[in-house]
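Right, one structure below, let's go through it.
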Amino acid sequence: MAFLLRRLVFYLAAFIAAATINFFLPRLMPGDPIQKM
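Okay, here's the thing in C-alpha cells:
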C-alpha cells in the first residue's frame with residue numbers, strides 16, 4: 004500500500020509541475036508568438 008501511495012504522490016507532483024511549466028513558460032517568453040510565425 005505504501006508503494007502505491009508513494010507512486011500516486013509522485014505522479015500527482017509530476018503532473019502539477021508539468022501543468023505549471025506549461026502555464027508559465029509561454030507567459031514568461033518575450034515577444035509576440037504571432038510575430039514569430
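Under the numbering used here, residues 4 to 40 are what the sequence shown spells out, in order. Just so you know, even glycine gets a beta-carbon here, dropped at the ideal spot from N, CA and C. Given the structure is predicted, the values throughout are model-derived calculations rather than measurements.
Rounded to the nearest whole angstrom, the C-alpha separation of L28 and L15 is 20 angstroms. Going by C-alpha positions, V12 is about 28 angstroms away from L31. In its own chain, leaving out the 5 sequence neighbours on each side, no residue places its CB closer than 8 angstroms to the CB of D35.
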